[in-house]
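Read top to bottom, the protein sequences are chains D and G.
Count the first sequence with the working numbering and you get residues 1 to 226, in order.
Count the second sequence with the working numbering and you get residues 227 to 639, in order.
Built from N, CA and C at the ideal position, the CB exists for glycine as well.
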Amino acid sequence: MIKLQDITKTYKKNGDMQVEVLRGVSLEIQKGEFVALRAPSGMGKSTLMNIIGCLDRPTSGRYLLDDVGVETLSDNELSRIRNRKIGFVFQAFNLLPKTTALENVELPLIYSAAKTDLRAKAKAALEAVGLGERMDHVPSELSGGQQQRVAIARALVNDPDIILADEPTGNLDSNASGEVLEIFRELNRKGTTIVLVTHEQEIAAEARRIIKMKDGKVISDERRDN
Amino acid sequence: MSLTKLIGISITRLSRYRLRTFLMMLSVVIGITTLTTIVAIGKGAQQQIVKGIKSFGPNSIMVAAGGGAGFGPPDSTTTTLTLDDAKAIQESIKNIKYVAPFTTSFGNTFVYGNNNLVGIVVGVTPIWSEAWTWPIEQGEFISEEDNASLSKNCVIGKTVVDELFAGQNPIGETIRINDTTFKVIGVLSKRGTSPHGMDLDKRVVVPISTAMKKLSNVTYIGNIRVYAEEPSTTRLFASDPSGLSSITESITALLRERHHITPPNEDDFRITNSISVSETVDNVTGTMTKFLGLLSLIILVVGGVVIANIMFISVNERKKEIGIRRAFGARGKDILGQFLIETIVTTVIGGVIGLTLGFFIAKGISVLYGLPAIISWEPVLLAFVFSVLVGVGAGIQPARKAAIMDPVMAIRG
Numbered sequence: 001m002i003k004l005q006d007i008t009k010t011y012k013k014n015g016d017m018q019v020e021v022l023r024g025v026s027l028e029i030q031k032g033e034f035v036a037l038r039a040p041s042g043m044g045k046s047t048l049m050n051i052i053g054c055l056d057r058p059t060s061g062r063y064l065l066d067d068v069g070v071e072t073l074s075d076n077e078l079s080r081i082r083n084r085k086i087g088f089v090f091q092a093f094n095l096l097p098k099t100t101a102l103e104n105v106e107l108p109l110i111y112s113a114a115k116t117d118l119r120a121k122a123k124a125a126l127e128a129v130g131l132g133e134r135m136d137h138v139p140s141e142l143s144g145g146q147q148q149r150v151a152i153a154r155a156l157v158n159d160p161d162i163i164l165a166d167e168p169t170g171n172l173d174s175n176a177s178g179e180v181l182e183i184f185r186e187l188n189r190k191g192t193t194i195v196l197v198t199h200e201q202e203i204a205a206e207a208r209r210i211i212k213m214k215d216g217k218v219i220s221d222e223r224r225d226n
Numbered sequence: 227m228s229l230t231k232l233i234g235i236s237i238t239r240l241s242r243y244r245l246r247t248f249l250m251m252l253s254v255v256i257g258i259t260t261l262t263t264i265v266a267i268g269k270g271a272q273q274q275i276v277k278g279i280k281s282f283g284p285n286s287i288m289v290a291a292g293g294g295a296g297f298g299p300p301d302s303t304t305t306t307l308t309l310d311d312a313k314a315i316q317e318s319i320k321n322i323k324y325v326a327p328f329t330t331s332f333g334n335t336f337v338y339g340n341n342n343l344v345g346i347v348v349g350v351t352p353i354w355s356e357a358w359t360w361p362i363e364q365g366e367f368i369s370e371e372d373n374a375s376l377s378k379n380c381v382i383g384k385t386v387v388d389e390l391f392a393g394q395n396p397i398g399e400t401i402r403i404n405d406t407t408f409k410v411i412g413v414l415s416k417r418g419t420s421p422h423g424m425d426l427d428k429r430v431v432v433p434i435s436t437a438m439k440k441l442s443n444v445t446y447i448g449n450i451r452v453y454a455e456e457p458s459t460t461r462l463f464a465s466d467p468s469g470l471s472s473i474t475e476s477i478t479a480l481l482r483e484r485h486h487i488t489p490p491n492e493d494d495f496r497i498t499n500s501i502s503v504s505e506t507v508d509n510v511t512g513t514m515t516k517f518l519g520l521l522s523l524i525i526l527v528v529g530g531v532v533i534a535n536i537m538f539i540s541v542n543e544r545k546k547e548i549g550i551r552r553a554f555g556a557r558g559k560d561i562l563g564q565f566l567i568e569t570i571v572t573t574v575i576g577g578v579i580g581l582t583l584g585f586f587i588a589k590g591i592s593v594l595y596g597l598p599a600i601i602s603w604e605p606v607l608l609a610f611v612f613s614v615l616v617g618v619g620a621g622i623q624p625a626r627k628a629a630i631m632d633p634v635m636a637i638r639g
């Protein structure tokens, strides 16, 4: 469902200095996979994730998402894809401050035209990550692990095909990391494609396929059967 | 996303940044308060003008004894205005329907039985009632015969009836005016209060001859009221349909000649007409309303600039929020809508507060200074239109900036 062909991304830095973050990345990810993108920090994995998540556009190359060329889509269409097909999970959680867990989880729903009961759907998502009791708490009243679980609930509330997680355990202790990874495994078992960006080997080991990147390129792509 | 959802989000966000929201609202509150107050007071003033014209009487010219500017009661020390002046006006000026000379004396005591009341005595000719379009309600008015015979008949105002007779029929009864006994032959219809708050019904009307010779022992009169011919239908929409200005000029010329006044000597009389009465009041209130109206618009414009600046700061501070919303599917126009609606909701709430305050202040001013204030729908409409305009004007650029922000950059904060 995800097909990247020779993707490059160049940023302009300090005026004329050009920084080539991605230098021709090609890869395919099938529906239902659990993929870890592993690279040292600052090696373009977040940029790649933003491109896969339709938040950013490549400088060159082709990206087909469900056989649709993403480069041909308008800003509104990209917003729609982010809303329906993709759920982001960030290292820094990125919850709205001064906003309850429930309202945070409702966020993607208010931008989808679906006329479902927002509250009920958001509640169900929070219960699915084990935070049914914390719905009315604002982020500052929650632990890091709880905040990340709220963020996961927000990512999955619209039943996306793909969850893109950028260093989701980077700010968590090992206990909370374990809980978060368990949620991802469970989601994957139910058919959701998971793309996990990380620089940690132990976290990457959770995935069934590990793509290693270095200097803006894919250097290895191995599948494991377990 | 629907408008109600947007407004819901806006109100939630605003309530979480209370101080900022309050500061944003403040200028709109002040602007709309001023605007509402002005309109309410302005409308009251307008009503006062109408009332003033009504009590002065339409289509009328008034001559008062005594020089000087402005209009007021006749100067009792000026002795030059006489019944002959009135007769001369009647005979030599055209397009006049009635000429009604009269005397006015203040502070007379009216006594009936144990009741007494202090009020005005007006000495009149029979035409006075028509010239003031002030009919009697009961009995008869002063007649030519009363004037010829210096009769001690009188016609009394409604307040006098209420205060002295307390429900009893006054016709045929005798009252004392100072120390002279008069017989009540009629009752004037109710006139209410003058624009200055004077009770116009606290008066007794007597024959002008009796007033001059028996009550005051003078040879002069206080006023001459002239009622112009009603305009023909073809002239009805002209600015001065009855030609009041030219009649006023003719009377002025005539009186100057009769009183031997040549410039630079000052007139020993004042003359005014319905048109100049309304113009004077109109000028004063018009200038005030324009000045304050302009002031409130300036406040609103300055307020708009303040709000725009606060919104720009707000957009910058909330970059991350914008990025997060974009990542989860908000389109550029959803972000635009959110910030724009936030601004408009702020200014409209400010407008509602301003409107309420304005009404209270207008009421307060009217109680303290005796100015009438009228609560009407116009300020409501103005407040709504202006607060929405300020909201859109101040919110559109910050909202645009938020909408075109690159989501990747935004989410980094």
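Just checking, does the segment 449-459 of chain G make contact with the segment 281-289 of chain G on the three C-beta pairs under 8 Å criterion? yes
Quick check on the DSSP output: the beta strand (DSSP E) that includes residue 638 of chain G runs from which residue to which? Counting along the chain, residue 638 of chain G falls outside any beta strand (DSSP E), though it belongs to the alpha helix (DSSP H) covering 633-638.
Going along chain G in order, which residues have a C-beta closer than 8 Å to the C-beta of residue 55 of chain D? 552, 553, 633, 634, 637
Under three-state DSSP, which class holds residue 591 of chain G? helix
Considering Cα atoms alone, identify which of D/50, D/73, D/66 is closest to residue 87 of chain D. D/50
I need the DSSP call for residue 193 of chain D, collapsed to helix, strand or coil. If DSSP states are grouped into helix, strand and coil, residue 193 of chain D belongs with the strands.
Could you name the residues of the segment 556-574 of chain G whose beta carbon sits closer than 9 Å to any beta carbon of chain D, in the order they occur along the chain? 556, 557, 558, 559, 560
Taking the beta strand (DSSP E) that residue 104 of chain D belongs to, which residues open and close that run? Counting along the chain, residue 104 of chain D sits inside no beta strand (DSSP E); it lies in the alpha helix (DSSP H) bounded by residues 101-110.
Between which residues of its own chain and residue 146 of chain D is the CB-CB distance below 7 Å, once the five residues before and five after are set aside? 131, 134
Buried or exposed for residue 586 of chain G, please, with buried defined as at least 16 other CB atoms from any protein chain shown within 10 angstroms of its CB. exposed
Chain D within 7 Å of residue 543 of chain G, Cβ atoms only: no
Just to check my reading of the structure: residue 346 of chain G and residue 326 of chain G have Cβ atoms closer than 8 Å, yes? What is that Cβ distance to the nearest angstrom? That belief does not hold up - the Cβ atoms of residue 346 of chain G and residue 326 of chain G are roughly 16 Å apart, past 8 Å.
Mind checking the segment 228-251 of chain G against chain D and listing, in chain order, the residues whose C-beta falls within less than 8 Å of any C-beta there? 231, 235, 238, 242
Looking at residue 416 of chain G: is its Cβ nearer than 7 Å to the Cβ of residue 427 of chain G? yes
I want to verify the contact list: residues of chain G whose CB lies under 8 Å from the CB of residue 73 of chain D, in sequence order. Chain G residues near residue 73 of chain D: none, gap ~12 Å exceeds 8 Å.
Under 7 Å by beta carbon: chain G residues contacting residue 96 of chain D: 547, 550
Range of the contiguous alpha helix (DSSP H) that encloses residue 489 of chain G: No alpha helix (DSSP H) holds residue 489 of chain G; DSSP gives it neither H nor E.
Residue 54 of chain D: which of D/35, D/40, D/29, D/85 sits nearest, CA to CA? D/85
What are the complete beta strand (DSSP E) segments, minimum 3 residues, inside the segment 271-297 of chain G? 286-291
Pick helix, strand or coil for residue 508 of chain G, following the three-state DSSP scheme. helix
Extent of the continuous alpha helix (DSSP H) run through residue 36 of chain D: Per DSSP, residue 36 of chain D lies in no alpha helix (DSSP H) segment; the continuous beta strand (DSSP E) that holds it begins and ends at 34-38.
Coil, strand or helix - residue 452 of chain G by DSSP: If DSSP states are grouped into helix, strand and coil, residue 452 of chain G belongs with the strands.
Does DSSP put residue 620 of chain G in a helix, a strand or coil? helix
Write down the C-beta distance between residue 403 of chain G and residue 334 of chain G rounded to the nearest angstrom, noting that I regard them as a contact closer than 8 Å. 6 Å
Against chain G, with Cβ distances strictly below 7 Å, would residue 111 of chain D count as a contact? yes
Between residue 184 of chain D and chain G, is any beta-carbon pair separated by less than 7 Å? no
Output the boundary residues of the alpha helix (DSSP H) element that contains residue 400 of chain G. For residue 400 of chain G, no alpha helix (DSSP H) encloses it; the enclosing beta strand (DSSP E) starts and ends at 400-403.
Can you find at least 3 beta carbon pairs, one from the segment 3-16 of chain D and one from the segment 177-189 of chain D, that sit closer than 8 Å? no
Bridge partner(s) assigned by DSSP for residue 324 of chain G: G/453, per the DSSP bridge assignment.
Taking residue 315 of chain G as part of the alpha helix (DSSP H), name the residues at either end of that continuous run. Taken as a continuous stretch (DSSP letters only), the alpha helix (DSSP H) holding residue 315 of chain G covers 309-318.
Give me the residue from G/598, G/557, G/596, G/615 with the minimum Cα distance to residue 631 of chain G. Looking only at G/598, G/557, G/596, G/615, the smallest Cα-Cα distance to residue 631 of chain G is reached by G/557.
Cβ-Cβ separation, residue 547 of chain G to residue 96 of chain D (assumed contact under 8 Å), whole Å: 6 Å
What does residue 243 of chain G pair with, by DSSP beta-bridge criteria? DSSP, once it has assigned bridges, lists no residue as partnering residue 243 of chain G.
Members of the segment 33-65 of chain D near chain G, C-beta cut-off 7 Å: Residues of the segment 33-65 of chain D that bring their beta carbon within less than 7 Å of a beta carbon in chain G comprise 50, 55, 56, in sequence order.
Per-residue burial, residue 564 of chain G [other beta carbons within 10 Å of its own, 16 or more giving buried]: Residue 564 of chain G comes out buried.
Name the one or two DSSP bridge partners that residue 95 of chain D has. Its beta-bridge partners do not exist; DSSP assigns none.
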